[in-house]
Amino acid sequence: MPRVRATAPGALRNLLSKSENRVTETIDIRMTAALERVVVSHDGDAHVVGRPDLGIYLVVPEAGAVFIKALQAGESVATATSRASEVAGAEVDGDDFLAGLAAEGLWDVPSEVETIAATSRSGSRTREIRWIEGVSPAVARRLFGPVAWTGYALATVFAAGLLLLRPDLRPTYEHLWWLPDPVLSLLALLPVALLLAAGHEAWHWLAGRAIGVPAVFRVSYRGIFLAFETDVTQVVAVPRRRRYGVFLAGICFNVVVLAVALGLRLAHRTDLFVLPAWLDRLLAAVVITQILAIVWQWAALFLRSDGYAVLANALRCHDLNRATWLTTKARLWRVTEAEAAEFAAISEHDRRVARWFGLLFLVGLVGMLWVLLSFALPLSLSMVLWVWNNLANPSLVSVAFWESVAVVTIAVGQYAVIPLLAWREGRLRRVGSLR
Amino acid sequence: MALLGWLLTGPYQSLFETLSGSHSEEPEARGAAPCLPGEAVEIMDSPYVSEREVEQARFNSLPPTSGPHLSFTMATGVYDHPVPAGLTIHAMEHGHIIIHYADSTQDAEIRELDRVARRYGADVILAPNPSLPHGIALTAWGRIDRLDAFDERRISAFVEALRDRYYHDWKTDRDC
Numbered sequence: 001m002p003r004v005r006a007t008a009p010g011a012l013r014n015l016l017s018k019s020e021n022r023v024t025e026t027i028d029i030r031m032t033a034a035l036e037r038v039v040v041s042h043d044g045d046a047h048v049v050g051r052p053d054l055g056i057y058l059v060v061p062e063a064g065a066v067f068i069k070a071l072q073a074g075e076s077v078a079t080a081t082s083r084a085s086e087v088a089g090a091e092v093d094g095d096d097f098l099a100g101l102a103a104e105g106l107w108d109v110p111s112e113v114e115t116i117a118a119t120s121r122s123g124s125r126t127r128e129i130r131w132i133e134g135v136s137p138a139v140a141r142r143l144f145g146p147v148a149w150t151g152y153a154l155a156t157v158f159a160a161g162l163l164l165l166r167p168d169l170r171p172t173y174e175h176l177w178w179l180p181d182p183v184l185s186l187l188a189l190l191p192v193a194l195l196l197a198a199g200h201e202a203w204h205w206l207a208g209r210a211i212g213v214p215a216v217f218r219v220s221y222r223g224i225f226l227a228f229e230t231d232v233t234q235v236v237a238v239p240r241r242r243r244y245g246v247f248l249a250g251i252c253f254n255v256v257v258l259a260v261a262l263g264l265r266l267a268h269r270t271d272l273f274v275l276p277a278w279l280d281r282l283l284a285a286v287v288i289t290q291i292l293a294i295v296w297q298w299a300a301l302f303l304r305s306d307g308y309a310v311l312a313n314a315l316r317c318h319d320l321n322r323a324t325w326l327t328t329k330a331r332l333w334r335v336t337e338a339e340a341a342e343f344a345a346i347s348e349h350d351r352r353v354a355r356w357f358g359l360l361f362l363v364g365l366v367g368m369l370w371v372l373l374s375f376a377l378p379l380s381l382s383m384v385l386w387v388w389n390n391l392a393n394p395s396l397v398s399v400a401f402w403e404s405v406a407v408v409t410i411a412v413g414q415y416a417v418i419p420l421l422a423w424r425e426g427r428l429r430r431v432g433s434l435r
Numbered sequence: 001m002a003l004l005g006w007l008l009t010g011p012y013q014s015l016f017e018t019l020s021g022s023h024s025e026e027p028e029a030r031g032a033a034p035c036l037p038g039e040a041v042e043i044m045d046s047p048y049v050s051e052r053e054v055e056q057a058r059f060n061s062l063p064p065t066s067g068p069h070l071s072f073t074m075a076t077g078v079y080d081h082p083v084p085a086g087l088t089i090h091a092m093e094h095g096h097i098i099i100h101y102a103d104s105t106q107d108a109e110i111r112e113l114d115r116v117a118r119r120y121g122a123d124v125i126l127a128p129n130p131s132l133p134h135g136i137a138l139t140a141w142g143r144i145d146r147l148d149a150f151d152e153r154r155i156s157a158f159v160e161a162l163r164d165r166y167y168h169d170w171k172t173d174r175d176c
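Top line first, the protein sequences correspond to chains H and L.
The first sequence begins at 1 in the working numbering and counts up one residue at a time.
The second sequence begins at 1 in the working numbering and counts up one residue at a time.
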């Protein structure tokens, strides 16, 4: 969910008031490329201008939105100022408004200069919107039309019903050891889990494509772990009621996979058809991954999960996460002057919702505690003890011993070497050996 | 903190128990429980040990119903290859039932065993056991039954009476 800063009520309005009888005929060429990257949308009474590529979104008066749109349409500053003045019902100062947006960070001037230089060399001034080729919006729309949403709802009911009525299909952490070797169990499950994680993010991207929102699908690394993410920040450019599909799409993917896995396991149990034994056990592990994925999206609200995006959208908030954090911090501890100023700049609506939204953060924490106690801790404790026992009583001809060595090596590399490298880098910087 | 404390001493108390395994019990502690299928087997000291130590362990029954075992367990279901005793013991420690069949078991019987194992998918592990001289053995924590041939009624009775009877501790005060 993109974070939208509400400007202090007087700030941009002041900038829009006439201070000097000065109107610039043309805008600086540096602004031209930046304007092409600005999205303008309205959200009820609020108007949002933003730079998805910079991740900056600002709430502005209607006159400001009209001013930007006029510039984007190729009008001169004078004409855009005139249009904004009509809407505002008073003379406005377009130059100061542009300066105000620059002060808020909407124009990243040095990079615009670089961009202008680059585009001048290439001769192109087209806006970069990264559409992922291969899937047409028409095809994407079929995955998020009425039939599809009915399917997602039925999958949800089916999966929930099975978990409720068939306790034997409910997951336990034991299911993660679906092979007799614990390391092999987790290693063989890893590509499946990664594929499903990629599917979750791809569904967000498809949902964005279905409603014409440019989205970027990225693959990155968090330490040694592969991570997938979808950037749909430009969703602020569409009305709120159309955003739910994009936010819920990933969860829909998880629910469908969960329903299919549970359905196949039920059919296997009831003799409808017989799966290979290893596949039934793998599906049990998949059920865990999907349940945890769905629980995570609704529990990790404080990490701006998909569930947070849905709720913040429904509550018509722009910066609810930050408002809730600051409200909670003020209640439990104290806030700094800068944080107090930041909180004051957040809209009254967001601050009002934040007063009780922290309770949902707490509920989410309880959900994460359930995950920890039911799955993560038992799994981790068992693995640690297994590794410990194998290293304490080594057998050099044992696969288990060498697997234990590998686990320790990776753990040390992941959790100890990185801080050591950071410490070394800091030390070298202090003595001037590293720039 | 209060919630965490309640959780760790209540529903998730087994987390502490997973750190140490189970302990031996005198034969009289639980009794022969004549109402239950099969026969009682003395429960051995059952700590978590390494793979090497499990291979060197000596058990008091074939197949074992307790004893030194591995700290991780296994998913229930059907296995086409033999499963180490260190895993089946931990599975029984979690209240599951193991159905062992000898290498000489006919394919038709194995298919029937497979069907029963699938029906009790959350409770049963089915696996071949080369150390069995013949027939089928059913094991639960501290309990064993031996069959010369497939007997669905007897297998079902064993599973239904003994599943979840133990999970790092006895879940019932008395069996009969």
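Quick reminder that beta carbons are idealized off the backbone N, C-alpha and C, glycines included.
Alpha carbon of residue i to alpha carbon of residue j, nearest angstrom
i	j	result
L/Asp164	H/Leu365	30 Å
H/Val405	H/Phe357	46 Å
H/Asp168	L/Arg153	20 Å
L/Ser46	L/Ala91	12 Å
H/Val407	L/Ser156	40 Å
L/Arg119	H/Ala293	28 Å
H/Glu174	L/Asp173	26 Å
H/Asp95	H/Val77	8 Å
H/Arg166	H/Thr289	18 Å
L/Arg115	H/Leu258	24 Å
L/Tyr48	H/Pro171	24 Å
H/Thr119	H/Ala102	Reliability fails at H/Thr119, whose pLDDT of 43 lies under 50, so the model's placement of it is uncertain and no value is given.
H/Asn389	H/Ala261	35 Å
H/Gly123	H/Glu36	At H/Gly123 the pLDDT is 40, less than 50, meaning the model places this residue with poor confidence and gives no usable figure here.
H/Val92	H/Lys69	15 Å
H/Asn313	H/Thr150	22 Å
L/Gly135	L/Thr76	21 Å
L/Met74	H/Phe343	51 Å
L/Gln106	L/Ala137	15 Å
CB contact below 8 Å: residue i versus chain L
i	result
H/Ala481	Residue 481 of chain H is absent from the structure shown; chain H starts at 1 and stops at 435.
H/Arg331	no
H/Pro191	no
H/Trp386	yes
H/Ser124	Note that H/Ser124 has pLDDT 40, beneath the 50 cutoff, so the model's placement of it is unreliable and no number is given.
H/Ser398	yes
H/Leu165	no
H/Leu420	no
Residue i vs residue j beta-carbon contact at 8 Å
i	j	result
L/Arg58	H/Ser395	no
H/Leu320	H/Asp350	yes
H/Trp178	H/Leu266	no
L/Leu70	L/Gly86	yes
H/Phe217	H/Trp205	yes
H/Gly64	H/Ile56	no
H/Ala237	H/Val213	yes
H/Ser382	L/Phe150	no
H/Ala300	H/Ala323	no
7 Å Cβ cut-off: residues of chain L touching residue i
i	result
H/His175	Ala75
H/Ala437	This structure leaves residue 437 of chain H out entirely; chain H is present only between 1 and 435.
8 Å Cβ cut-off: residues of chain H touching residue i
i	result
L/Pro130	Under the 8 Å cutoff, chain H gives no residues; its nearest Cβ is about 15 Å from L/Pro130.
L/Leu147	Result: empty, since nearest Cβ-Cβ is about 21 Å, beyond 8 Å.
Chain-ordered chain H contacts of residue i [CB-CB under 7 Å]
i	result
L/Pro84	Pro180
L/Gly121	Asp168 and Arg269
L/Asp80	Ala277
L/Arg143	By Cβ distance, chain H contributes nothing, its closest Cβ being about 20 Å from L/Arg143, past 7 Å.
Within chain L, partners of residue i - CB distance below 8 Å
i	result
H/Ser382	Thr18, Ser71, Phe72 and Thr73
H/Arg281	Ala75 and Gly77
Integer-rounded CB distance, given that residue j should sit under 8 Å from residue i
i	j	result
L/Asp145	L/Pro37	6 Å
H/Ala84	H/Phe67	4 Å
Cutoff 8 Å: residue i Cβ touching any chain H Cβ
i	result
L/Tyr166	no
L/Asp173	no
L/Ser50	yes
L/Arg115	yes
L/His94	yes
L/Leu162	no
L/Arg58	no
L/Arg153	no
Listed by chain order, chain H residues near residue i by CB distance under 9 Å
i	result
L/Glu53	Asn389 and Asn393
L/Leu87	Trp177 and Pro180
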